[in-house]
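Below is one structure, written out as C-alpha cells; the observations come after it.
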Amino acid sequence: MFRRFIERPILSSVISIILVILGLLGLWSLPIEQYPDIAPPTIRVSASYTGASAETVLKSVVIPLEEQINGVENMIYMISSAANDGSASIDVYFKQGINPDIAAVNVQNRVARANSLLPAEVLRAGVITAKRQNSLLLVFSLYGEKGEFDETFLQNYSKINLLPQIQRVTGVGDVTVFALKDYSMRIWLKPDVMASYHLMPSDITAVLSEQNLEAAPGRLGQLNDQSFEYILKYKGKLTLPSEFENIVVKADNEGNILRLKDVARIEMGALDYSVSTSAMNHPGITMAVYQAAGSNAREVIIEAKKVLDNASHSFPAGVKYKILIDANEFLDSSIDKVIHTLVEAFILVFIVVFVFLQNFRATLIPAIAVPVAIVGTFFFLNLFGFTINLLTLFALVLAIGIVVDDAIVVVEAVHAKLDQGANNAREAAVSAMDEISTAIVSITLVMSAVFI
Numbered sequence: 005m006f007r008r009f010i011e012r013p014i015l016s017s018v019i020s021i022i023l024v025i026l027g028l029l030g031l032w033s034l035p036i037e038q039y040p041d042i043a044p045p046t047i048r049v050s051a052s053y054t055g056a057s058a059e060t061v062l063k064s065v066v067i068p069l070e071e072q073i074n075g076v077e078n079m080i081y082m083i084s085s086a087a088n089d090g091s092a093s094i095d096v097y098f099k100q101g102i103n104p105d106i107a108a109v110n111v112q113n114r115v116a117r118a119n120s121l122l123p124a125e126v127l128r129a130g131v132i133t134a135k136r137q138n139s140l141l142l143v144f145s146l147y148g149e150k151g152e153f154d155e156t157f158l159q160n161y162s163k164i165n166l167l168p169q170i171q172r173v174t175g176v177g178d179v180t181v182f183a184l185k186d187y188s189m190r191i192w193l194k195p196d197v198m199a200s201y202h203l204m205p206s207d208i209t210a211v212l213s214e215q216n217l218e219a220a221p222g223r224l225g226q227l228n229d230q231s232f233e234y235i236l237k238y239k240g241k242l243t244l245p246s247e248f249e250n251i252v253v254k255a256d257n258e259g260n261i262l263r264l265k266d267v268a269r270i271e272m273g274a275l276d277y278s279v280s281t282s283a284m285n286h287p288g289i290t291m292a293v294y295q296a297a298g299s300n301a302r303e304v305i306i307e308a309k310k311v312l313d314n315a316s317h318s319f320p321a322g323v324k325y326k327i328l329i330d331a332n333e334f335l336d337s338s339i340d341k342v343i344h345t346l347v348e349a350f351i352l353v354f355i356v357v358f359v360f361l362q363n364f365r366a367t368l369i370p371a372i373a374v375p376v377a378i379v380g381t382f383f384f385l386n387l388f389g390f391t392i393n394l395l396t397l398f399a400l401v402l403a404i405g406i407v408v409d410d411a412i413v414v415v416e417a418v419h420a421k422l423d424q425g426a427n428n429a430r431e432a433a434v435s436a437m438d439e440i441s442t443a444i445v446s447i448t449l450v451m452s453a454v455f456i
C-alpha cells in the first residue's frame with residue numbers, strides 16, 4: 005500500500021490536497037461548544053401550586069404526574085422535586101441518541117393523561133413540558149447604576165424588551181431569568197379585620213373569581229328587522245389596584261357594602277418574594293443563555309452579545325448590564341492553545357530534523373505532513389458528527405505529537421537508507437517503509453487505544 009503512494013507522487017499529492025480542502029470545509033461547518041454533548045436527552049416537566057407546602061405538592065402534583073410519565077418510551081429514569089414555594093419539577097432522562105423533540109412529545113402526551121388528577125389551581129397556572137438545556141454560554145446581570153430600579157421593574161422590562169430579542173438568536177436553546185419578579189397584583193389580607201367580619205381567605209378567592217372575569221356579553225340587533233347590530237363590551241378583567249380595592253366582598257339589606265380595601269391592602273408587586281438578587285451592590289437580575297444542540301457556541305455568543313449591546317442603547321437612563329460568564333473566553337483560550345501547540349510543533353520538527361540530518365529538503369517533509377494530517381482531521385470530525393470542544397481539541401494536541409513522531413521516524417529511516425548506499429530517494433523510501441511501516445502503524449494504534 006505504501007509502495008503505491010511512493011511510486012505515484014501525483015496521486016499522493018492529489019489526495020493530500022483533497023484532504024486539506026475537505027478539512028477546511030469541515031472546519032467551517034463544525035459546531036463549536038465547550039463540552040461534548042454526552043448527557044442523555046432530558047425533558048423537564050414543571051408545575052406550580054401557589055401556597056402549597058412541599059408535602060402537598062408531592063402528593064397532589066408530583067405523584068400523579070410520575071405515575072403517568074413512568075414507562076414512557078425509551079425512558080431510563082426520572083428525578084422529581086417539590087419545594088415549599090409550591091413549585092414542582094420532574095426531570096425525565098432518556099437513552100442516548102433519542103431525538104429530544106420526539107421525547108418531549110411523548111412526555112407531553114403522558115402529562116395530558118394526568119390533567120384530570122391535578123388540582124384546578126395547578127392547571128390554571130399550567131404544566132410546562134420542555135427540553136432541558138445544559139450547555140451554558142452566557143450569564144449577565146441587569147442593574148440600576150445608582151440603585152434607582154428594583155428587581156421587579158428590571159425583570160419585567162427585560163422580559164418585554166430584551167428576552168424576546170435574545171431568544172430569536174439562531175442557536176439559542178433557552179434564556180432563563182434567575183428570579184420570579186413578574187408583576188403581580190398582591191392582596192395582603194388583614195386577619196384581624198377579616199375575623200371581625202367572619203370572613204375566610206376562600207371567601208376572598210371566590211369573590212375575585214366572580215368579579216375579576218373576562219366575559220363576552222354578546223350582540224344586540226341580530227334580528228332581521230333591526231337596522232343596526234351592536235357588539236356589547238364588558239370590562240371585567242381588572243388591572244389597577246384601585247379597581248381591585250372596590251371589589252364588593254359583602255353587602256347587607258341596609259345597603260352597607262364591605263369592599264376588598266376594607267379587609268386587605270392591595271398593591272402592584274412581584275409574583276414571588278422568596279428570592280432576592282443583586283448586581284454590583286444594587287438590586288438587579290441575572291439572566292443565563294443556553295445553547296441549542298448542534299449550534300456553534302462561538303457564533304451564538306457573539307450574536308447574543310451584539311443583541312445585548314444594541315438593546316442597551318435604548319435602556320432607561322441608569323440601567324446597565326455586566327457580563328458575568330462568557331464561554332467564549334474558555335473556547336478562545338483552548339483554540340489558542342492548539343494553535344500555539346501546532347506552531348511549536350512545526351518549529352521543533354524543523355529544528356530537530358535539520359540539526360540531525362543537515363538536509364533542508366528532508367526537513368520540509370514532516371513540516372508539510374503535519375498540517376495536512378491535522379487539517380484533514382476536521383473533515384472526519386464533521387463526517388462522524390463530532391464537534392470542536394474541550395475533548396476534541398485535547399485529542400488534536402495529542403495527535404500532533406503522534407504525527408510529529410511518525411514523521412521524524414520515517415524521514416530518519418529514509419535518510420539512513422540513503423547513507424547505506426540506496427541508488428535514489430524512491431528506492432530508499434520503499435526500502436525504509438517496508439521495514440518500519442508495520443511498526444509505525446502498530447505503535448500509532450496502540451497509543452490511540454490507550455488514549456481512547
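Using our numbering, the first residue of the sequence shown is number 5, and each one after it goes up by one.
Where is the CB? At the ideal position from N, CA and C, for every residue including glycine.
Since the model is a prediction, treat every value here as computed from it, not as a measurement.
*Using the rule of at least 16 other Cβ atoms within 10 Å of the residue's Cβ for burial, across every protein chain shown, is residue 370 buried or exposed?*
Here the question's residue 370 lines up with position 366 in the sequence shown. Classification of residue 370: buried, given that the 10 Å Cβ count is 16 or more.
*Through-space distance from residue 79 to residue 127, alpha-carbon basis*: Locating residue 127 in the sequence shown gives position 123, where the first residue counts as 1. Locating residue 79 in the sequence shown gives position 75, where the first residue counts as 1. Spanning the two alpha carbons is a distance of roughly 25 Å.
*How big is the Cα-Cα spacing for residue 68 and residue 54?*
Residue 68 sits at position 64 when you count from the first residue of the sequence shown. Residue 54 sits at position 50 when you count from the first residue of the sequence shown. Each residue's Cα considered, the two are about 17 Å apart.
*Who are the Cβ neighbours of residue 266 in its own chain at under 6 Å, not counting the five residues just before and after it?*
Taking the first residue of the sequence shown as 1, we reach residue 266 at position 262. Excluding sequence neighbours, residue 266 sits near nothing in its chain.
*Just grab the DSSP bridge partners of residue 330 for me.*
As a working mapping, residue 330 is identified with position 326 in the sequence shown. According to DSSP, residue 330 bridges with 142.
*Specify the secondary structure class of residue 380 as computed by DSSP and reduced to three states.*
Translated into the one-based positions of the sequence shown, residue 380 becomes position 376. Correct three-state label for residue 380: helix.
*Look up residue 30 in the DSSP assignment and say whether it is helix, strand or coil.*
Within the sequence shown, residue 30 is the residue found at index 26, counting from 1. In the structure shown, residue 30 sits in a helix (DSSP, three-state: H, G or I).
_Cutting at 6 Å between CB atoms, please list the residues of its own chain near residue 407, excluding the five before and the five after it._
Taking the sequence shown and counting its residues from 1, the one referred to as residue 407 is at position 403. Cβ within range, chain order: 374, 377.
*Buried or exposed for residue 238, please, with buried defined as at least 16 other CB atoms from any protein chain shown within 10 angstroms of its CB.*
Translated into the one-based positions of the sequence shown, residue 238 becomes position 234. Burial call: exposed.
_Using the three-state DSSP reduction, which class does residue 98 fall into: helix, strand or coil?_
Indexing the sequence shown from 1 puts residue 98 at position 94. If DSSP states are grouped into helix, strand and coil, residue 98 belongs with the strands.
_Cα-Cα separation, residue 356 to residue 316_ = Working through the sequence shown from its first residue, we reach residue 356 at position 352. Working through the sequence shown from its first residue, we reach residue 316 at position 312. The alpha-carbon atoms of residue 356 and residue 316 are separated by roughly 54 Å.
*In the DSSP assignment, what are the bridge partners of residue 294?*
Within the sequence shown, the letter at position 290 stands for residue 294. In the DSSP output, where bridge partners are listed per residue, residue 294 has 140, 178.
*Would you tell me roughly how many angstroms separate the C-alpha atoms of residue 57 and residue 277, rounded to the nearest one?*
On the sequence shown, position 53 is the one that residue 57 refers to. On the sequence shown, position 273 is the one that residue 277 refers to. Residue 57 and residue 277: Cα-Cα distance of roughly 16 Å.
*With residue 96 and residue 76 assumed to form a contact (beta carbons below 8 Å), what rounded beta-carbon distance in angstroms separates them?*
What you label residue 96 is simply residue 92 of the sequence shown in a count that begins at 1. What you label residue 76 is simply residue 72 of the sequence shown in a count that begins at 1. 7 Å between Cβ atoms; contact.
_What residue range does the alpha helix (DSSP H) around residue 450 cover?_
Taking the sequence shown and counting its residues from 1, the one referred to as residue 450 is at position 446. Where residue 450 is concerned, the enclosing alpha helix (DSSP H) stretches over 429-455.
*Tell me where the alpha helix (DSSP H) around residue 310 begins and ends.*
Looking up residue 310 in the sequence shown gives position 306. From DSSP, the alpha helix (DSSP H) with residue 310 extends over 301-316.
*asked:* Rounded to the nearest angstrom, what separates residue 304 and residue 435 at their Cα positions?
replied: Looking up residue 304 in the sequence shown gives position 300. Looking up residue 435 in the sequence shown gives position 431. Near 52 Å, if we compare the C-alpha coordinates of residue 435 and residue 304.
*Can you tell me where the alpha helix (DSSP H) with residue 125 in it begins and where it stops?*
Walking along the sequence shown from the start, residue 125 turns up at place 121. 124-129 is the span of the alpha helix (DSSP H), which, as asked, contains residue 125.
*Report the three-state DSSP secondary structure of residue 405 (helix, strand or coil).*
Translated into the one-based positions of the sequence shown, residue 405 becomes position 401. DSSP places residue 405 in helix when its eight states are reduced to three.
*residue 10 versus 430, 447, 453, 455, residue with shortest Cα-Cα distance*: Against the sequence shown, residue 10 aligns to sequence position 6. For the residues 430, 447, 453, 455, the minimum Cα distance to residue 10 belongs to 430.
_DSSP three-state assignment for residue 51, whether helix, strand or coil_ = Position 47 of the sequence shown, counted from the first residue, corresponds to residue 51. Residue state, collapsed to three classes: strand.
*Would you tell me roughly how many angstroms separate the C-alpha atoms of residue 199 and residue 61, rounded to the nearest one?*
Within the sequence shown, residue 199 is the residue found at index 195, counting from 1. Within the sequence shown, residue 61 is the residue found at index 57, counting from 1. One C-alpha to the other measures close to 28 Å.
*Please work out which residues of its chain come closer than 7 Å, Cβ to Cβ, to residue 284, disregarding the five sequence neighbours upstream and downstream, and give them in chain order.*
Here residue 284 corresponds to residue number 280 of the sequence shown, with the count starting at 1. Same-chain partners within the cutoff: 147, 326.
*To the nearest angstrom, how far is it from the Cα of residue 328 to the Cα of residue 141?*
Start at 1 with the first residue of the sequence shown, and residue 328 comes out as number 324. Start at 1 with the first residue of the sequence shown, and residue 141 comes out as number 137. Straight-line Cα distance between these residues: approximately 11 Å.
*Alpha carbon of residue 388 to alpha carbon of residue 30, nearest angstrom*: Numbered from its first residue, the sequence shown carries residue 388 at position 384. Numbered from its first residue, the sequence shown carries residue 30 at position 26. Cα to Cα, the separation comes out at about 11 Å.
*Nearest CA to the CA of residue 293: which residue from 417, 172, 422, 109?*
If you number the sequence shown from 1, residue 293 lands on position 289. Nearest of 417, 172, 422, 109 to residue 293, Cα basis: 172.
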